[in-house]
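As structure tokens, the structure follows; a few thoughts come after it.
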Amino acid sequence: MREDDIEIAIKVVIVGNGGVGKSSMIQRYCKGIFTKDYKKTIGVDFLERQIEIDGEDVRIMLWDTAGQERFRSITKSYYRNSVGVLLVYDITNYASFEHIPLWMMEAQRHIEPHRPVFALVGCKLDLVNAGGRREVSTEEAQTFAKEHGLHFVETSARNGVNVEEAFRMVTQEVYTRIRSGEYKVEDGWDGIKTGFARPNSLDFNLVMAEPEKSSCC
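Counting along the sequence shown from 1, when you hit position 144 you're at 155 in the working numbering, and nothing is skipped either side.
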């Protein structure tokens, strides 16, 4: 797939506590690899992947944010312009799940007034399958996701289980909203870009489409 052929690029941020598996999940999705050694993300890291949705070329721009408090002032600016948000927790660490509402509120606050697509993603499923202790039940996570209108999936970056699905759910809905007219591309914001042949100086703005007004008879 050539860069010149790409028609759409969308920005997705991955948030959650430090050590829950965000970077490993992105590495698995973008590079198809898993590294056992844990290395903290310093501030923000960036990777991208080119995919095809409904026959159209799409570039997914993934921003991996640090979960540590001392990096929060740095990472907050990277919420802006995002159209997709993955809320990631460790299913063997209940505290990481308890913090999900805070991560979600922070993302909403910095992305408003736009409405991004959210997905709740449980990581480290392989540890539970290998006999480790599960602290967050699937049922509790599903209930939370349903109450807040989130996509939901449990994953394993080590084994690659459901990693593709986690990103597919978000990118597919973003694409659907673009094509339905719910999202529009306008000058000023680059959450979604179209047409890479356009000048680099031109920014784009994603806005919610206003409902059509019916005319009186």
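Virtual Cβ for every residue (Gly too), placed ideally from N, Cα, C.
Nothing here was measured: the structure is a model prediction, and the numbers come from that model.
Item	Value
Secondary structure at S93, three-state DSSP: helix, strand or coil?	coil
Which residue wins for smallest C-alpha separation from K157, given the options A177, E67, F129 and T103?	F129
With DSSP collapsed to three states, give me the class of I44.	coil
Let me know the secondary structure DSSP gives L136 once reduced to three states.	helix
With DSSP as the reference, please indicate the residues paired to V26 in a beta bridge.	L98
Short check: CB of V230 to CB of I122, under 9 Å?	Since the first residue of the chain shown is 12 and the last is 228, residue 230 is not available in this structure.
Could you tell me which of S191, Q183 and L73 sits nearest to D65, measuring between CA atoms?	Q183
Around the C-beta of T46, are 16 or more other C-beta atoms found within 10 angstroms, so that it is buried, or is it exposed?	exposed
State yes or no: is the C-beta of S93 within less than 9 Å of the C-beta of K22?	yes
Can you tell me where the alpha helix (DSSP H) with V174 in it begins and where it stops?	V174 to S191
Quick check: what's the CA-CA separation for I189 versus G142?	43 Å
Beta carbon of M115, beta carbon of H162: below 9 Å?	no
Give the single residue among A168, R70, R126 and E175 whose Cα lies nearest to the Cα of L138.	A168
Hey, how far is the Cα of Q79 from the Cα of N28?	Only weak support exists for where Q79 lies, its pLDDT of 46 falling under 50; the coordinates are left without a value.
Let me check understanding here. Comparing Cα to Cα, which of E146, W74, I71 and R126 lies closest to K135?	E146
Between which two residues does the alpha helix (DSSP H) holding T149 run?	T149 to H159
CB-CB under 7 Å to T166, same chain, minus the five flanking residues each way: which ones, in chain order?	M36, V132, G133, C134, L136, V172, N173, V174 and A177
Would you identify the three-state DSSP class for H110, choosing helix, strand or coil?	coil
Specify, as a first and last residue, the run of the beta strand (DSSP E) that E67 falls within.	E67 to T76
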